[in-house]
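Participant:
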Amino acid sequence: MVPKTAEPCEQFIRVGQLIRDIANYSANGIAIGKYASRPDFDFVGYIDRQRPKAPLDMFMVGNASLFKIIKWAYANDEFAILQQVEAFMLSDLMAEYLTEYMLLHLADRYNFPRLRMKCLSSLRSVEDIQYFKQDDNYRLHLSSIDRQLVEAREAYFQAWADANQPVPSCYYRYDAHSDCSFEETMAERYLSVVADENNNGDDIGGVIYGFEF
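To convert a position in the sequence shown, counted from 1, into this note's numbering, add 2.
1. Can you have a look at ARG141 and say buried or exposed, based on whether 16 or more other CB atoms are within 10 angstroms of its CB?
2. I need the DSSP call for ASP177, collapsed to helix, strand or coil.
3. Whole angstroms are fine: how far does the CA of VAL87 sit from the CA of GLU80?
4. For GLU185, count neighbouring Cβ atoms within 10 angstroms of its own Cβ and tell me buried if that reaches 16, exposed if not.
5. Taking 7 Å as the limit between beta carbons, can you name the residues of its chain near ASP148, skipping five residues before and five after?
6. Would TYR112 and HIS143 qualify as a contact pair, given that the criterion is a beta-carbon distance under 8 Å?
7. Around the C-beta of GLU156, are 16 or more other C-beta atoms found within 10 angstroms, so that it is buried, or is it exposed?
8. Mapping the DSSP letters down to three states, classify SER93 as helix, strand or coil.
9. By the three-class DSSP mapping on this structure, what secondary structure does SER183 have?
10. Going by alpha carbons, who is nearest to ASP130 out of SER145, ASN139, PHE159 and GLN150?
11. Run through DSSP, which three-state label would ASP79 get?
12. Quick check on DSSP: helix, strand or coil for LEU193?
13. To the nearest angstrom, how far is the alpha carbon of LEU117 from that of PRO168?
14. What's the gap between the Cα of CYS172 and the Cα of SER124?
15. Give the straight-line distance between the Cα atoms of VAL46 and LYS120, rounded to the nearest whole angstrom.
16. Under the rule that 16 or more other beta-carbon atoms within 10 Å means buried, what is PRO170, buried or exposed?
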C-alpha cells in the first residue's frame, strides 16, 4: 500500500497498477463486480452521491475499485488517469460487468467523450431510441439529465422523420452533452494530458500513459 503522503509519481503508478489489475482480472474471467446483474442496485445514487476516496488506500482490487478511481481522479482533475479509465471502459469486457445504461451514465457524469460516443452510436433513429427507452434499466441506471439528453436526441430525429428527410450525417458527430463535436470534446478534455506527455518525456509518462489492457 502506498501511503497518503506518497509523491505524485508514486500515486500515478499505484493507480495505474490498480487499473491494470482490474483489466487483468476481467480478462481472466474473475468477477470483480457484475453490477449489470443487480436490478435492485441504485447505481445512479451510488455513483453520484458517494464521496470520492483516494484509491491509494486500497490493499487489493475489489468490486468498487474502478468507481473509487474514477471519483478520485475526477475530483482531483487527474486527466491522465481518467483517460486510461475511459480506455478500459471502452473494452468489450465491460459489457459483462455494467449495462450500456450504466456506461452511458458514467460517460455523462464524468465526461468520458469516447465512451459516450460509443454508447450513443447504436441510437441512430427514433425506433432505436424508443426500443432503448423500453428497457427498465433506462430509468434504473440513467439520471434525469441523462434521459433528457437521450430524449432531445429522439426529438431531433423525429423532426427530420416528420419532414421526410434523412438525419444529417454530421449530427452523429455532435456531442449534445458538451454542445460541440465529439472531436472538440475529446481535444478539450484531454488537452492537458497531451501537454504533460510532451513536457515530461519518459520520466513518468511511460508508466502513466503506456498501459496495455
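Ideal placement from N, C-alpha and C gives every residue a C-beta, glycine not left out.
Facilitator: Judging by the given coordinates:
1. exposed
2. Three-state result, ASP177: strand.
3. Just so you know, the alpha carbons of GLU80 and VAL87 end up roughly 11 Å apart.
4. exposed
5. LEU106, HIS107 and ASP110
6. no
7. Under this definition GLU156 is a buried residue.
8. Of the three classes helix, strand and coil, the one that applies to SER93 here is coil, per DSSP.
9. strand
10. Residue PHE159 is the option with its Cα nearest to ASP130.
11. coil
12. In the structure shown, LEU193 sits in a helix (DSSP, three-state: H, G or I).
13. 25 Å
14. 15 Å
15. Answer to the nearest angstrom: the Cα atoms are 20 Å apart.
16. exposed
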